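2 protein chains.
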Amino acid sequence: MIKIKILSIGKTKEAWLEEAIAEYEKRLKGKVFFEFVWLKTDDQLLAAAEKENFVIGLDPQGKMFSSDAFAEFFHEQVIFAGSKISFVIGGATGLPQKFKTNIPLISLSLMTFTHQMTRLLLVEQIYRATEILKGSNYHK
Amino acid sequence: MIKIKILSIGKTKEAWLEEAIAEYEKRLKGKVFFEFVWLKTDDQLLAAAEKENFVIGLDPQGKMFSSDAFAEFFHEQVIFAGSKISFVIGGATGLPQKFKTNIPLISLSLMTFTHQMTRLLLVEQIYRATEILKGSNYHK
Numbered sequence: 041m042i043k044i045k046i047l048s049i050g051k052t053k054e055a056w057l058e059e060a061i062a063e064y065e066k067r068l069k070g071k072v073f074f075e076f077v078w079l080k081t082d083d084q085l086l087a088a089a090e091k092e093n094f095v096i097g098l099d100p101q102g103k104m105f106s107s108d109a110f111a112e113f114f115h116e117q118v119i120f121a122g123s124k125i126s127f128v129i130g131g132a133t134g135l136p137q138k139f140k141t142n143i144p145l146i147s148l149s150l151m152t153f154t155h156q157m158t159r160l161l162l163v164e165q166i167y168r169a170t171e172i173l174k175g176s177n178y179h180k
Numbered sequence: 041m042i043k044i045k046i047l048s049i050g051k052t053k054e055a056w057l058e059e060a061i062a063e064y065e066k067r068l069k070g071k072v073f074f075e076f077v078w079l080k081t082d083d084q085l086l087a088a089a090e091k092e093n094f095v096i097g098l099d100p101q102g103k104m105f106s107s108d109a110f111a112e113f114f115h116e117q118v119i120f121a122g123s124k125i126s127f128v129i130g131g132a133t134g135l136p137q138k139f140k141t142n143i144p145l146i147s148l149s150l151m152t153f154t155h156q157m158t159r160l161l162l163v164e165q166i167y168r169a170t171e172i173l174k175g176s177n178y179h180k
């Protein structure tokens, strides 16, 4: 079982988003377990992230991947981190410089998405990665 | 009033997606009107797209933009096209080569998203573009 913790600021108010994420959680049941942690400020986000064992940052300066390349990256990180990975979603201005020098950084797009959509896209790309790795037709 | 037509394959089944898109439609009421056209096959998609006055393709080979640059691009295209723009969302393999040589192509990400999420992201980026252009704080 892979354990993914996603740390971000704010709290979702949109029911549609919870529904969308719940759909992927269901599909990944028994394989990937998601935990969502909500922080109120950048400082709290960093304090929480620093306690995590293995952290990947989502930041505008991060590396962009195709979904195939992300699947490979994700697989490597899962092995490296012993199946426990935390993702930290930075705000519109990204994560603080001092924090992000020591962790792998990824970026979903040159575009800025809302925190909420970023969370959904990340969950969907993790689902997509598991489908790519098992060779299903989901991603085609 | 800007009229945006979005042509894609399939038909959404997800209630959450309709809810999310409806939220942006509401925010853009009186400013941007969206029409969604669903086609069954690639051939039908192309036939429909060819009838449109001004078409922008979403394709993996498309140009990627930051949200700020997209706002500028969108604004230029709206002026150029007389406020009527159609977006065509290609499948996972993109749009057919012969079609896409004559139209502007954009790409939201190196990653592949579902048709549905692409549609939502496009609507959200158009909303974001209007907010960027009017100098609001939405995108910050």
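Sequence lines, in order, name chains Z and Y.
Per the working numbering, the very first residue in the first sequence carries number 41; after that it's consecutive.
Per the working numbering, the very first residue in the second sequence carries number 41; after that it's consecutive.
Note that the Cβ used here is the ideal one computed from N, Cα and C, for glycine as well.
This one's a predicted model, so the numbers in the text were calculated from it and none came from an experiment.
Residue-level contact to chain Y via CB, residue i, 8 angstroms cutoff
i, result
"residue 74 of chain Z", "no"
"residue 153 of chain Z", "yes"
"residue 56 of chain Z", "yes"
"residue 135 of chain Z", "no"
"residue 84 of chain Z", "no"
Chain Z within 8 angstroms of residue i, Cβ atoms only
i, result
"residue 170 of chain Y", "no"
"residue 65 of chain Y", "no"
"residue 161 of chain Y", "yes"
"residue 41 of chain Y", "no"
Closer than 9 angstroms at the beta carbon, the chain Y residues around residue i
i, result
"residue 81 of chain Z", "Going along chain Y, no residue has its Cβ under 9 angstroms from residue 81 of chain Z, so there is no contact; the nearest lies around 16 angstroms."
Residue i, DSSP secondary structure in three states
i, result
"residue 48 of chain Y", "strand"
"residue 42 of chain Y", "strand"
"residue 125 of chain Z", "strand"
"residue 75 of chain Y", "strand"
"residue 143 of chain Y", "coil"
"residue 103 of chain Y", "strand"
"residue 98 of chain Y", "strand"
Chain Y residues whose Cβ lies nearer than 7 angstroms to that of residue i
i, result
"residue 149 of chain Z", "148, 149"
Per-residue contacts from residue i into chain Z (C-beta, under 8 angstroms)
i, result
"residue 88 of chain Y", "Within 8 angstroms Cβ-Cβ: nothing; residue 88 of chain Y doesn't reach chain Z, min ~23 angstroms."
(message) With three or more beta-carbon pairs closer than 8 angstroms as the criterion, would you say the region 84 to 104 of chain Z touches the region 141 to 158 of chain Z?
(response) yes
(message) If the cut-off is 7 angstroms on Cβ atoms, which residues from the region 90 to 120 of chain Z count as contacting chain Y, listed in chain order?
(response) 104, 105, 106, 107, 110
(request) Give a yes or no on contact between the region 66 to 77 of chain Z and the region 101 to 117 of chain Z, applying the rule of three or more CB pairs nearer than 8 angstroms. (result) no
(request) Could you tell me whether the region 104 to 115 of chain Y touches the region 53 to 70 of chain Z, where touching means 3 or more Cβ pairs closer than 8 angstroms? (result) no
(message) Could you check whether the region 166 to 179 of chain Y touches the region 52 to 68 of chain Y, counting it as contact only if at least three pairs of C-beta atoms, one from each stretch, sit closer than 8 angstroms?
(response) yes
(request) For the region 126 to 140 of chain Y and the region 171 to 178 of chain Y, state whether three or more C-beta atom pairs, one from each stretch, are separated by less than 8 angstroms. (result) They do not touch, by the three-pair rule.
(request) Please determine if the region 41 to 56 of chain Y and the region 78 to 85 of chain Y are in contact, where contact requires at least 3 C-beta pairs separated by less than 8 angstroms. (result) yes
(message) Under 8 angstroms: do the region 116 to 128 of chain Y and the region 119 to 129 of chain Z share three or more Cβ pairs, one atom per stretch?
(response) no
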